[in-house]
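Input: a single structure, listed below in structure tokens.
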Amino acid sequence: MRTVQVTRRVDPHLNIDRYDPEAELMLLHFGPQHPSTHGVFRMDLTLDGELVVKAVPHVGFLHRAVEKLCESLAYVQITPIVDKNDYVAPMTNEQALNMAFEKLLNLEVPRRARWMRSLFAELQRIASHLLWLGTFALDLGGALGGGSTVFIYCFRERELVLDLFEEVTGARFHYNTHTIGGNRHDLPAGWSAKVHAALNVIDSRLGEYERMTLHNKIFVVRTQGVGVLDAELALELGITGPILRACGVDHDLRRDAPFHAYDEVPVKPVIATGGDCLARAQVRLGEIRESIRLVRAMVDNVPSGAINSGKPIKVPVQTKIPPGQAYVAIETPRGELGTYVISDGSQFPYRLKIRPPSLHALSALPYILPGATVSDAVAILGSLDPIMGEVDR
Amino acid sequence: MSGFVHGLGYGAVIVTVLMTVTAFSLWFERKMAARMQSRLGPTMVGPAGILQPIADVLKLLQKEDIVPLKADAVLFNLAPPVAVVCAIGVAAAVPFSPKVVAADLDVGVLYVLAIGAVTVLPVFSAGWASNNKLALLGGMRAVAQSVSYEVPLVLAALVPVILSGSMRIGAIVQFQSDHHWFVLWPFFLGIPAFVIFVLAMLAEANRIPFDIPEAESELVAGVTTEYTGMKFALFYMAEYVHTLVASALAAALFLGGWDGGPFPPGLHWMVLKTFLLFAGLYWIRWTLLRFRSDQLMRLCWWYLVPSSIALVAAAGVWVVFVG
Amino acid sequence: MGYFTDGLQAMRVTLTNLLRPVTTVEFPKVIRERAERYRSSFALLHDEQGDELCIGCLQCERICPSQVIAIKFAGKRESPITGKKRGYADDFILDMSACIFCELCVQVCPTDAIVMTRAPEVPSYTREDLVLTMAKLYANEKSKPRAWGDATRLMAMQEPPKAPKPPPAAPTASAPSGEGTPSAGEGTPG
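Residue numbers (numbering that gives the first Met the number 0), protein chains in the order written: chain C, 0 to 392; chain L, 0 to 322; chain A, 0 to 189.
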């Protein structure tokens with residue numbers, strides 16, 4: 000059951016000079032320096048009082064020329080660089096990248112490494128959605144108030160997941176634990192007991208978050224009917240992930256195109272109808288629950304064996320990938336993250352392109368912002384969960 | 000003349016104590032908010048961080064004082080002190096004990112509400128004079144909010160006036176001392192009026208859940224975006240003082256002021272009730288998300304105003320037929 | 000009315016958290032213990048006889064994605080401990096302000112010379128202090144707690160499975176001693 004928008008389709012290229020010849024509308028720059036633009040992002044809002052008439056997003060403030068940089072880095076050096084794209088869910092970045100290289104090399108990843116990668120990806124999904132919930136509450140409730148309380152609670156639980164990653168890889172944030180052919184770090188002894196302990200805590204606290212946000216009338220009234228995105232427009236713009244599932248479209252790459260361990264541990268995607276901010280919040284909270292269930296199913300049953308079927312990195316220039324091109328897409332907490340690599344037989348890739356899901360999510364802004372108030376604009380932007388690192392690369 | 004000296008003396012004492020208590024309440028709020036968020040709060044400056052407000056004030060004092068080029072300098076500079084003065088001015092008519100009151104005016108309630116209403120002007124002039132669109136948006140929202148919430152505030156404050164028959168706050172407290180606190184009896188009038196009064200007070204003081212004018216996530220700092228240093232501090236001090244004094248007012252009007260129930264009355268009861276009330280207000284602040292502007296307006300005009308009109312009518316009926 | 004009941008529910012949550020023990024600690028009086036594999040700073044090691052392990056092969060300099068390592072290799076010279084001629088690094092500079100802590104330099108070292116330490120924090124007051132010179136790196140060997148990973152251990156963890164040895168020709172010979180798939184490190188989940 001898909002969501003269909005009942006209002007007319009908005010014209011995002013409205014000519015303001017002709018629409019408003021007497022210049023009565025106000026132009027507000029939701030500039031790059033703003034507490035709630037989720038990174039450096041600029042929106043030019045043309046306002047009629049409090050209502051938005053036209054919104055023009057500007058991206059590129061965080062552009063670091065990552066794709067060009069990778070053209071001069073050996074394949075094994077690219078993983079820690081690509082960590083910094085979607086800096087909230089780095090495991091999935093590394094996963095997509097190395098899957099693309101393995102596809103070009105026709106290298107099969109051992110079963111243990113496949114399970115470990117999926118396990119890390121699901122844990123990362125929990126951490127990423129917790130961060131999203133915290134920042135969304137901050138947008139709605141203010142840094143000096145209830146929003147910051149939810150923010151701190153979410154980060155307190157997120158720390159548990161980050162501690163788990165620290166046990167395995169040694170780093171809390173940018174891991175560099177995936178490599179061509181498998182993983183670099185194996186699970187230490189006693190790790191799965193820690194995972195269960197952490198998940199029990201997170202599971203028990205989810206009810207608390209819902210009481211403060213999802214089931215709270217103020218939150219519901221702020222997000223219901225706000226920023227309705229219809230399924231046709233979402234599909235047209237290439238939006239995937241929780242935003243698409245909140246419009247009622249049943250599409251999840253983990254189930255439709257299973258990779259790694261998802262063919263052995265099936266995923267049940269969380270769908271909601273409504274297409275508004277509340278639906279997206281429901282989908283993401285539901286996904287935290289689903290990921291907890293998946294991790295609990297996977298963590299005790301990780302098959303034993305080796306974790307790497309490629310050559311461990313010993314010499315920087317060792318990996319020369321024969322000429323070819325490959326595109327691999329996985330389901331990250333934000334949607335479909337794709338890595339497209341063209342190799343020319345040398346030790347450096349000829350071209351590395353990353354398809355960020357947040358960029359497509361942001362492209363919906365000119366369509367769904369007009370008609371909303373300024374407060375709604377902040378809520379809508381927060382609910383789209385953009386991460387500027389991967390939007391700008 | 001003696002009245003003037005009396006007012007000046009007690010007024011100075013009250014203002015001094017008020018400022019000190021504001022500083023203490025700043026520390027208390029930060030500690031309480033921190034413990035609610037599973038963290039420690041200020042710990043380094045002084046034992047358990049109790050000197051933190053002094054450190055904050057010193058920090059703000061040494062900041063550069065910037066006035067934007069195209070800002071209306073007169074209004075820009077006048078707004079913060081006027082806001083603080085209006086907030087402190089409310090404390091003049093609130094009796095903290097039968098003897099400790101700066102000026103127990105015969106029209107105390109009217110005076111208090113009028114001075115409280117003036118706080119709209121400095122907020123809006125700050126928004127206008129800053130020459131900043133975000134501040135302007137904040138200022139416009141502040142005017143809409145404050146002016147609208149004056150209505151339920153006044154009407155809810157009328158209920159104790161009607162029930163006790165006097166506008167002098169000292170007389171209202173005396174009436175509660177002789178009979179019952181208004182939240183206890185008649186509770187079906189006292190409790191709703193108290194709740195409406197507290198909500199309207201939160202809206203006047205721009206506190207969450209009604210802090211749209213300084214909505215930090217939307218408008219950077221709203222009305223106070225262009226302010227730096229001590230002027231910025233004055234705005235926030237005005238908000239704290241306003242909350243404190245308005246809790247004292249609510250304690251006096253509804254909770255019996257300096258009356259202690261079965262125990263002997265005294266200043267300490269007033270202090271305790273004020274303290275409990277503003278702890279409750281901070282608790283609300285650090286828990287709830289904020290309303291959107293139009294939802295705020297809707298809450299006021301669709302729910303609070305009709306209920307408060309009904310309450311005033313019911314209070315009148317009560318007094319005529321029962322009390 | 001829903002606002003009141005939901006508001007009270009939310010306030011109940013904050014009250015519960017108010018009564019819970021605090022999660023944060025008073026840093027820097029209390030410093031949390033880091034995981035065994037935590038990677039923060041660097042150290043260069045000596046071997047058991049006291050000779051420097053670094054042979055100046057420049058592998059870590061080549062693999063670093065941020066190019067923060069600068070090594071001066073001036074040829075082989077006699078070791079003061081063993082007397083044999085071997086390579087030495089004359090100067091080793093690691094700029095920690097640009098390091099991305101990816102552990103690749105640790106992995107490629109053929110002699111396990113460079114390792115990471117798990118010091119809980121490595122701040123400094125000046126930028127110059129963040130540039131680790133050779134003296135500082137050798138001093139870190141004793142002064143900072145070691146992380147778990149060095150090249151040998153990391154390589155052992157990542158080695159792909161060896162192909163099983165073919166069974167011996169004689170039919171009465173015993174079965175090949177389990178060389179099939181060595182389980183990696185201490186890997187099996189407990």
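Here a beta-carbon is modelled for each residue, glycine too, at the ideal position from N, C-alpha and C.
Taking 7 Å as the upper bound on Cβ-Cβ separation, chain L lies near residues 218, 220, 221 of the segment 218–230 of chain C.
Chain C places a beta carbon closer than 8 Å to that of residue 36 of chain L, counting this residue as a contact. DSSP, read as helix, strand or coil, puts residue 2 of chain L in helix. Looking at the backbone, the Cα of residue 388 of chain C and that of residue 60 of chain C are separated by about 9 Å. Secondary-structure assignment with DSSP links residue 350 of chain C through a beta bridge to C:341. Neighbours of residue 19 of chain A in chain L, taken as residues whose beta carbon is under 7 Å from its own, are 37 in chain order. One thing to note: residue 51 of chain C has its Cβ within 8 Å of the Cβ of residue 373 of chain C. Taking 8 Å as the CB threshold, residue 148 of chain A lines the interface with chain C. Scanning chain C for C-beta atoms nearer than 7 Å to the C-beta of residue 64 of chain A yields 72, 76, 79, 80, reported in chain order. For residue 77 of chain A, the uninterrupted beta strand (DSSP E) segment begins and ends at 68–77. Of all residues in the segment 133–156 of chain C, only 145, 148, 152, 155 place a beta-carbon less than 8 Å from a beta-carbon of chain A.
Between residue 208 of chain L and chain C, the shortest Cβ-Cβ separation is below 8 Å. The residue from L:31, L:184, L:162 with its alpha-carbon nearest to that of residue 286 of chain L is L:31. At least one CB of chain A lies nearer than 8 Å to the CB of residue 287 of chain L.
In this structure, the beta-carbon distance from residue 151 of chain L to residue 303 of chain L falls below 8 Å.
Comparing C-alpha distances from residue 237 of chain L to each of L:290, L:204, L:46 shows the shortest one belongs to L:204. The closest CA to that of residue 13 of chain A, considering only L:26, L:34, L:11, is found on L:34. Distance between residue 291 of chain C and residue 288 of chain L, taken at the CA atoms: about 27 Å. A straight line joining the alpha-carbon of residue 160 of chain L with that of residue 166 of chain L spans about 6 Å.
The beta carbon of residue 284 of chain L sits closer than 8 Å to some beta carbon of chain C. Relative to residue 121 of chain C, the option among C:392, C:331, C:338 whose CA is nearest is C:331. Assignment of residue 121 of chain L by DSSP, reduced to helix, strand and coil, places it in the helix class.
Of L:101, L:201, L:60, L:257, the smallest CA-CA separation from residue 4 of chain L is found for L:101. Not flagged as an interface residue toward chain L: residue 120 of chain A, since no C-beta distance is shorter than 8 Å. Residue 132 of chain L sits in a helix when the DSSP states are folded into three classes. For residue 119 of chain A against residue 30 of chain A, the beta-carbon gap comes to about 5 Å, under 8 Å, which counts as contact. For the options C:158, C:183, C:252, C:367, the alpha carbon positioned closest to that of residue 201 of chain C is the one of C:158. The alpha-carbon of residue 112 of chain C is positioned some 13 Å away from that of residue 101 of chain C. A distance below 6 Å between beta-carbons, with the five flanking residues on each side excluded, links residue 87 of chain C to the following residues of its chain, in chain order: 127, 130, 386.
Here residue 13 of chain A carries a helix assignment [DSSP, helix/strand/coil].
Restricting attention to beta strand (DSSP E) runs no shorter than 3 residues, the segment 86–158 of chain A encloses them at 113–116, ordered along the chain. Each residue's CA atom was taken as its position, placing residue 115 of chain A and residue 74 of chain C some 23 Å apart. Listed along the chain, the chain L residues whose CB falls inside 9 Å of the CB of residue 4 of chain A amount to none; the nearest CB is some 13 Å away. Under the three-pair Cβ rule at 8 Å, the segment 16–32 of chain L counts as touching the segment 46–62 of chain L. When rounded, the separation of the alpha-carbon atoms in residue 298 of chain L and residue 252 of chain L is 24 Å. Using a 10 angstroms sphere on the CB of residue 23 of chain C, the tally of other CB atoms stays under 16, which defines it as exposed.
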